[in-house]
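*Asks:*
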Ligand SMILES: *Cc1c(COP(=O)(O)O)cnc(C)c1O
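In the numbering used here, the protein residues as written are 78 to 447.
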């Protein structure tokens, strides 16, 4: 054993086995590598319109405050969220992205004695936060690419301390009905925390009524997570939040870093929350882009997984990785999802009409070459 191996053996057991999260390739990186200049990225479910004007104005105004620590309680943002969603401020936890909330709940509730249930093809952060604290992941096979709630319930036992559900799920875009979800949470033992990850909530709530917040009254073990990274176009600022019982929020607050949200993120998120016009534009362009992409897939004879999010996974009926690499050479970054056990699919984030067109053109050329 050499000296570099030795340090790995010092890490806690879960971390020794951990495979780090693989992010979408940054535009600058591809431009550097291939000497390209007109790269488009449809790889991380970001908002193609960018941040809204109100958020940008708020960020400008807050720049002179940057020598000061942020408001560690996130007072005014929590007030705005409480008002918008008719919850008490004591029910809100702010996170450095909703990813941080996922990590807080794992750290606060899991030990190596515990099991965590989530679905095959579910969001890649669930296994990471589970393994990092040495808990055991129990991955339940998917049903039609989505969560099999009955099978997940079967997998829950006395050792299960946490269940993760993404609705809609990333990267499949599958959506569970509110009725089936409520039945599921109701059937969970009260010794099990249920995390309902609604990162794409805003795209769904415009077409379907989502009433998960009503359930907080009934289920003190429920934690809903949402984010400003997707529909609100603020992924670079890292701002997400949890909604739960006050007791659950109190527990998460104990392990939270005192200044986990920076000043710009706090003011931008608050402003974004009041920018309905930008949100509506985002939802509209997403619906149109989804139609544009799926029409394109149809013309190419490809099938896709119907998606409720701002992305769609297309079945290439061949290995996705080489197609992904060929698209990179044409300056188009999408997401291979072999690490989600979907090696024949690529996940495409919905872009502007022009970006979607460029992608479809590049895909058409690529498929004609292979
Ligand atoms: C993007 C995403 C998140 C959140 O990301 P943050 O930027 O950390 O808020 C959470 N869950 C799912 C399923 C996602 O796709």
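Yeah, the Cβ is synthetic: ideal placement off N, Cα and C, and Gly gets one too.
Indicate the three-state DSSP secondary structure (helix, strand or coil) for residue 297 in the structure shown.
*Replies:* coil
*Asks:* Tell me where the alpha helix (DSSP H) around residue 399 begins and ends.
*Replies:* 397-406
*Asks:* Residue ranges of each beta strand (DSSP E) run of no fewer than 3 residues wholly in the segment 202-229, ordered along the chain?
*Replies:* 213-217
*Asks:* Is the closest heavy atom of ligand 1 to the C-beta of residue 200 under 7 Å?
*Replies:* yes
*Asks:* Rounded to the nearest angstrom, how far is the Cβ of residue 277 from that of residue 175, given a contact under 8 Å?
*Replies:* With a beta-carbon spacing of about 11 Å, residue 277 and residue 175 fall beyond the 8 Å limit used to define contacts.
*Asks:* Closer than 7 Å to a non-hydrogen atom of ligand 1 - does that hold for the CB of residue 183?
*Replies:* Judged by the Cβ position, residue 183 fails to qualify as a neighbour of ligand 1 at the 7 Å threshold, every heavy atom of the ligand being at least this far.
*Asks:* Taking the alpha-carbon positions, what's the residue 289 to residue 325 distance?
*Replies:* 16 Å
*Asks:* I think residue 136 touches residue 341, with their Cβ atoms under 8 Å apart; what is that distance to the nearest whole Å?
*Replies:* Rounded, the Cβ-Cβ distance is 5 Å, consistent with contact.
*Asks:* Are there any heavy atoms of ligand 1 lying less than 7 Å away from the beta-carbon of residue 102, as far as the coordinates show?
*Replies:* no
*Asks:* Assuming residue 330 and residue 170 are in contact, meaning their beta carbons sit under 8 Å apart, how far apart are those beta carbons, in whole angstroms?
*Replies:* Separation of the CB atoms of residue 330 and residue 170 is rounded to 6 Å, and the pair is thereby assigned contact status at 8 Å.
*Asks:* Below 8 Å between beta carbons: does that hold for residue 393 and residue 437?
*Replies:* Annotated as distal: residue 393 and residue 437, with beta-carbon spacing of 8 Å or more.
*Asks:* Taking only three categories from DSSP, how would you classify residue 84?
*Replies:* helix
*Asks:* How would you write the range of the beta strand (DSSP E) that residue 423 sits in, first residue to last?
*Replies:* 419-426
*Asks:* Measuring alpha carbon to alpha carbon, tell me which residue in 99, 189, 248, 306 is nearest residue 172.
*Replies:* 306
*Asks:* Beta strand (DSSP E) containing residue 238: first to last residue?
*Replies:* 237-243
*Asks:* Smallest Cα separation from residue 122: which of 447, 430, 388?
*Replies:* Comparing Cα-Cα distances from residue 122 to each of 447, 430, 388, the minimum goes to 388.
*Asks:* Out of 192, 181, 107, 279, which one is the CA nearest neighbour of residue 363?
*Replies:* 279
*Asks:* Using 8 Å as the cut-off, can you tell me whether the segment 234-248 makes contact with the segment 195-204, which would need three or more C-beta pairs spanning the two stretches below that distance?
*Replies:* yes
*Asks:* Give every residue of the same chain whose Cβ lies closer than 7 Å to the Cβ of residue 396, excluding the five residues on either side of it in the sequence, and list them in chain order.
*Replies:* 420, 421
*Asks:* Would you say the beta carbon of residue 363 comes nearer than 7 Å to a heavy atom of ligand 1?
*Replies:* No, ligand 1 has no heavy atom inside 7 Å of this Cβ.
*Asks:* Threshold first: 4 residues or longer. Then list the alpha helix (DSSP H) segments lying entirely within the segment 240-277, N to C.
*Replies:* 255-264
*Asks:* Check whether the Cβ of residue 429 lies closer than 8 Å to any Cβ atom in chain C.
*Replies:* This model lacks chain C altogether; it includes just one protein chain.
*Asks:* Taking only the alpha-carbon atoms, compute the straight-line gap between residue 193 and residue 239 and give it to the nearest angstrom.
*Replies:* C-alpha separation (whole angstroms): 5 Å.
*Asks:* Considering residue 344, what are the terminal residues of the alpha helix (DSSP H) in which it resides?
*Replies:* 340-350
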